[in-house]
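Positions in the sequence shown are counted from 1; adding 48 to them yields this note's numbering. By construction, the Cβ of each residue, glycine as well, lies at the ideal position given by its N, Cα and C atoms. Fair warning: this is a prediction, and the values are worked out from it, not measured in the lab.
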Amino acid sequence: MMKKLTTARPKNGAKGSLNVAAKAVLPTKFGRFSIYGFEGRGPQEEAVALVRGNLNGHVAPLVRVHSQCLTGDVLTSLRCDCRAQLELSLKRISEAPSGILLYLAQEGRGIGLMNKLRAYELQDGGMDTVEANESLGFAADAREYEFPAKILKKLGATRIRLLSNNPDKIRQLESAGIRVVERVPCQPRLSKISRRYLQTKKRKMGHLLEGV
49 MMKKLTTARP KNGAKGSLNV AAKAVLPTKF GRFSIYGFEG RGPQEEAVAL VRGNLNGHVA
109 PLVRVHSQCL TGDVLTSLRC DCRAQLELSL KRISEAPSGI LLYLAQEGRG IGLMNKLRAY
169 ELQDGGMDTV EANESLGFAA DAREYEFPAK ILKKLGATRI RLLSNNPDKI RQLESAGIRV
229 VERVPCQPRL SKISRRYLQT KKRKMGHLLE GV
């Protein structure tokens, strides 16, 4: 069984702190989950975790570490594959013996919503997603995974099967003490509109994508 987590308020934002802010039941169209709210030191160190099953079972839990995408996840944008990845992940986790969907406040690969929209504007002018981020003064991918690694450890999931196409995500999680025993591809059906976006991720960022 997963160890019992108690909710608590942050204590002056102490460095390295991680607090379980809340826990509740979350019924979804993909099944019934427990939802946890986690708080760290800053505004980007907030996350929710949807958890199901015994995380300490013989089979490592299936985990998706998913970065927030308002335009895709909520507004159904076809410029990216974020919503399709989110729904595919929830479906796969609901079918697995156990799993976690970790949802992070890292909009626009870590650059924030307004800068993401500025990047969209540059892409409308002909840049690809990497060129647009770099033109705004950001890295192609500014996300960090130390905070989600802390959450996985708090949940007792130090050995996982990771739903991801991103080798850098695997490297960062493993550097933070999470053992990724298997990479499970997270590749929904290809959209004509998002093809260029995915081609850029494969060519310039090394994402492991088939048929793109």
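- A180 carries a helical assignment under DSSP once its states are collapsed to helix, strand and coil.
- Within 10 angstroms of the beta-carbon of S223 lie fewer than 16 other beta-carbons, which makes it exposed.
- For E230, the enclosing beta strand (DSSP E) starts and ends at 227-232.
- Non-local C-beta neighbours of G105 in its own chain, meaning closer than 7 Å and more than five positions away in sequence, comprise P145, S146, ordered along the chain.
- If you ignore the 5 residues before and after G254, its C-beta comes within less than 6 Å of the C-beta of P215, all in its own chain and listed in chain order.
- Following the DSSP letters along the chain, one finds P75 inside the beta strand (DSSP E) bounded by residues 67-76.
- Within the segment 128-198, complete alpha helix (DSSP H) segments of at least 4 residues are found at 130-143, 155-158, 161-172, 177-183, given in chain order.
- In this structure, F86 sits near E94, with a CB-CB distance shorter than 8 Å.
- Listed as beta-bridge partners of G85 by DSSP are A70, V96.
- Membership of R251 in the alpha helix (DSSP H) is indicated by the continuous run 243-253.
- Look at L103 here: in three-state DSSP terms it is coil, with no helix or strand label.
- Counting along the chain, R219 sits inside the alpha helix (DSSP H) bounded by residues 215-223.
- Counting along the chain, the unbroken beta strand (DSSP E) around L211 starts and ends at 207-211.
- Taking I241 as the centre and dropping the five residues before and after it, the same chain places the C-beta of L126 closer than 6 Å to its C-beta, in chain order.
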